[in-house]
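Taking my numbering, I'd label the letters of the sequence shown as residues 72 to 1057.
Note that the Cβ used here is the ideal one computed from N, Cα and C, for glycine as well.
Here's the structure we're looking at; comments come further down.
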Amino acid sequence: MSKITEKTPDAGLKMILLIPKDYNGDSSNITEFLQAADKLGIEVQKDEKNSEDIINQVFGTAEKLIGLTEKGVVIFAPQLDKLIQKYQTTGNAFGGSAENLGNNLDKASGILSTIQNFIGTAFSSMKIDELIKKKNNNENVSANELAKASIDLVNQLVDTASSLNNNINSFSKQLNSLGGLLSNTKHLNNVGDKLQNLPNLDNVGIGLDTISGILSAISASFILNNEDADNGTKAAAGIELTTKVLGNVGKGISQYIIAQRSAQGLSTSAAAAGLIASAVTLAISPLSFLSIAEQFNRANKIEEYSQRFKKFGYDGDSLLAAFHKETGAIDASLTTINTILSSVASGISAAATSSLIGAPINALVGAVTGIISGILEASKQSMFEHVANKMANIIAEWEAEHGKNYFENGYDSRHSAFLEDNFKILSKYHTEYSVERSVLITQQHWDTLIGELASVTKNGDRTLSGKSYIDYYEEGKRLEKTPDEFQKKTFDPLKGNIDISESKSSTLLKFVTPLLTPGEEIRDRKQSGKYEYMTELLVKGVDKWTVKGVMNKGSVYDYSNLIQHALVGQDQYREIIIESHLGDGDDKVFMSAGSSNVYGGKGHDVIYYDKTDTGYLTIDGTKATVAGDYTVTRELGGDVKIMQEVVKEQDVSVGKRTEKTQYRSYEINHINGKKLTAIDNLYSVEEIIGTDRADKFLGSKFNDIFHGGGGDDYIEGNDGDDRLYGGKGNDTLRGGDGNDQLYGGDGNDNLIGGTGNNYLNGGEGDDELQVQGNSFSKNVLLGGKGNDKLYGSEGTDLLDGGEGNDILKGGYGDDIYRYLSGYGHHIIDDEGGKSDKLSLADIDFRDVVFRREDNDLVMYKAENNAISIGQKNGITFKNWFKKESNDISNHQIEQIFDKHGRVITPDSLNKALDQKNNQASYVYGHTASTNADEKNLTPLINEISKIISSAGNFDVKTDISAASLFNPSNNVSGLLYSSNSITSNA
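See below:
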């Protein structure tokens, strides 16, 4: 035995595969053993003794795999066969063939090669310091004893690693317990919470079977699924070592320490257990399990999420969850094994540091545990790929059965869930848009879970960036099939065609979710490194959406969620135009951010730019030769944010294998680069609604209807009878020639009527209204709320300042002013006219007084049933008493009417004031007026009606803009009457 040991450092210990005469193993196994031994240079001996004799002589127990004889290290064939047969079931999980991860040897070769490495390392390590020769301290040293202890240690390490299934389970339980404790510990609660997510590894499915099968194909040292292992075995995370580690391995270590210290002539009674246990405690770190715990937690969440889609026929999420659970089990198992082996090595290292043992045992254990950890790590990728391949096979089987792409089915399930979750919203669109039918197009975008499953199963080239769908709703119900009149294909996202021309109902075509650009996706999965793969995306796109609209029914086309720009370079975009051919009904079109050609057809068609960010608009009709033709230029730079189609990548890792998959998505962002412009060509369009930005409208020589929307807009009607709406913001509206209607809306607006008969309504805000008509023009000027300025023309004007403190100048024509009790302090500065009138539409002369103040006449009104002349709250008539060079005043109102038909003239008022003989005195209105007679109001009403009917070509019986979608803030017919009244105590 001594001679054998002495030869070990130089030539390596002779290894023998021993086959006893009574061994009746499977003939194929014997053949495999013989072939493996031949490859590895291991001697094969057939002993004439039977197994029992050999066990008693060499091994001492039938459970040992390795023994030491004078001939060399013996590997006992029956025990080797027993271990392999024991785990044949798990081995069969791989199709009956075991995979060698290192050098393509079969399973017997792998086992024998690993044992050969163990033994070689074990005996080579004893060469360190030449312990046997140099430190015998003149004692009678038995090298045989030391060698036997070495063999026992290797056997114990093998046995420990072979029975780690229970250790793993115990680790998971103990880590959960430790997590509970740490959750209540300051600064460690995050760690504790995550550790509690680590599951019971006995119940994770085939993950452990996978480990067992692969490891059994490499070496019996790594068999995990030992059903006969002691169920009471426990491992503590930083608290208590497993019985196996401190028991079996500890026993082997103790024997080795005793043998070594005996060889050195040292005492063998040193108690090393405490020191070893302390070092091992530090070696087992809960942190190494955190990522595993998080992986199981994510798997559980995915599994929970999957239940939503199983009822729609998709199990992919559950499949992905199973993958993470099984690979998590692999990770947890290998981490546990490495933790235990590390703890053993740490304990030995501690003992060596304290001179309880020498360097050889430290090196031996470190080398053996290092080999185990290394081979386990090398095995890990194949374990992961095995699980991934199983998932891929499940997908392939499903596709073979159903004749459909598995991942497309995933998008279908997502869409079904979307319809179910959003039914209330989807079913009410017809009401919101005032149509009979809704044709709704939705896009299921890239789904990270579907993409991850495709990457895991190496199917990245078989999935898409998403899928688009078309659904029909009528009367609040979703139609299960395409309506009968849609005989043609309604929606083709590859060619960019949409056809709803055959619809017999007023229809909404709406893109509910952002729709990717039309075209075909082509994918190519390539290997870019040893473990790196890239699935590249090529889009064969088309550059136009073509929409055929409903022929004879007014319909709505909402393009606001259509993506019209695809980023193809750092600052380059591919634009997709929308071309719409509408029918003969009254249609509405909501534009997106890109260029469009709209052929409106007959009917009153309206274009909206306010539903999404469409940039800075310039609407130009100045060159139009046909009514309804406009060119719209939109600047999309600066602070404009538009939907942009972009290519992104999803990164997925399967162990060392990484998968990058490109897919299309979208972002709402500023453009890259200096400038991006969209051009719209509008044909036969009657009305345009602008954006919330500062838009510019230039009308045609025909009748235009423009709405500024939000922002500070410039709107010019030019020729024709135009309707211009400022909307929110401080707008400038110019009617130009023609009979125009101008509505300022909110904000401080400037309204200029131009020539013709005009209607101007300032709306809210401090507005300035002016008309430029001649002596024949008739205009209506309404200030609305706010402090306004109203300037009439040479013609006949109706001026109503509205609420607030206003200034009204009627000009040289015969003007009519209107004032209500709820208005503020108005200043009327009339410049001429022989028949100017003022209607106090809801005021009784008994509730007002008049007083001269210098050259002005001031009317005070009652408030809270009392009149006070301390603050001006009524009307100031500028220069009422001012005489011109011809001693005639041109600043007086010839007739003032109250609500009962009483009339005050300058003469009657001056007479009443003269009777007071004091400028500071005042007179009540009814003392200076005629008697009440409502017949006196008839001529006034007729004159107002003539002005209203002339201004903007509307009459008092209809809304201001009957064809417009926007009703005016004030009904003009309301100018004639008012129900408000205030009575006076006077």
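Residue(s) in a DSSP beta bridge with N740: I713
Same chain, Cβ closer than 7 Å to A370, five either side skipped, listed in chain order: A392, H395, K396, G399
M86 versus I113 - alpha carbon distance: 6 Å
Residue range of the unbroken alpha helix (DSSP H) whose run includes V527: 519-527
Alpha-carbon to alpha-carbon, Y94 and P149: 7 Å
Alpha-carbon spacing of S755 relative to W469, whole angstroms: 53 Å
Reference D751, options Q635, F847, S626, S526, closest by Cα: Q635
Assigned secondary structure, L88 (DSSP; H/G/I helix, E/B strand, else coil): strand
Cβ neighbour criterion (16 or more within 10 Å) applied to S168: Note that S168 scores a pLDDT of 27, beneath 50, so its modelled location is shaky; the value from the coordinates is reported in the next line. Classification for S168: exposed.
Whole runs of the beta strand (DSSP E) within the region 543-624, excluding any shorter than 3 residues: 548-550, 568-570, 578-582, 590-598, 603-612, 615-619
Sufficient close CB pairs (3 or more, under 8 Å) joining the region 772-779 to the region 715-733: no
Contact set for K860: own chain, Cβ-Cβ below 6 Å, skip 5 residues either direction: E839, I878
Given V677 as reference, the closest of I759, Q452, G815 once Cα atoms are compared: I759
Close-in-space but distant-in-sequence residues of the same chain around A765 (CB under 8 Å, 5 per side omitted): Y687, G782, D783, D784, Y785, G800
Residue of D802, E865, G945 minimising C-alpha distance to S927: It is Asp, not Ser, that sits at residue 927 in the sequence shown. It is G945.
Inter-residue Cα distance where the pair is S864 and L853: 14 Å
Closest residue to Q966 among K987, D642, L1008 (Cα-Cα distance): L1008
Sheet register partners of R508 (DSSP bridge): E545, T578
Status (buried if at least 16 other CB within 10 Å, exposed otherwise) for E201: In this predicted model, E201 has a pLDDT of only 38, less than 50, meaning its place in the structure is not dependable; the value taken from the coordinates is given anyway. By the 10 Å Cβ count, E201 comes out exposed.
Contact under 7 Å by Cβ, L870 with G882: no
6 Å CB neighbourhood of T693 in its chain, flanking five on each side removed: L769
Nearest-angstrom beta carbon gap, D969 and D915 [assumed within contact, 8 Å]: 6 Å
Per-residue DSSP class, three states only, for V458: helix
Simplified DSSP state of L1000, which is helix, strand or coil: A quick correction: the sequence has Ser, not Leu, at residue 1000. Coil, per DSSP.
Where H473 falls, given that 16 or more other Cβ within 10 Å makes a residue buried: exposed
Sequence-distant residues of the same chain with beta carbon closer than 6 Å to I823, five excluded per side: R805, Q841
Short Cβ contact (7 Å threshold) for G844 with T867: no
Inter-residue spacing [alpha-carbon to alpha-carbon] between G873 and D655: 41 Å
Closest by C-alpha distance to G855, when choosing among N828, L813, G481: L813
Residue from G387, S487, Y500, K552 with nearest C-alpha to Y477: G387
Cut-off 7 Å between Cβ atoms - residues of its own chain near D684, not counting five sequence neighbours on either side: A664, V711, K712, I713
Per-residue burial, Q551 [other beta carbons within 10 Å of its own, 16 or more giving buried]: Reading off the sequence, residue 551 comes out as Glu, not Gln. With fewer than 16 other Cβ atoms within 10 Å, it is exposed.
Reduced DSSP secondary structure (H/G/I, E/B, other) of S1052: The pLDDT assigned to S1052 is 29, lower than 50, so where the model puts this residue is not dependable, and the model offers no usable value.
Beta bridge counterpart(s) of G537 as assigned by DSSP: H516
Pairwise C-alpha distance: L88 and I146: 5 Å
Close beta carbons around I90, own chain, < 6 Å, minus the five adjacent residues each side: K117, A148
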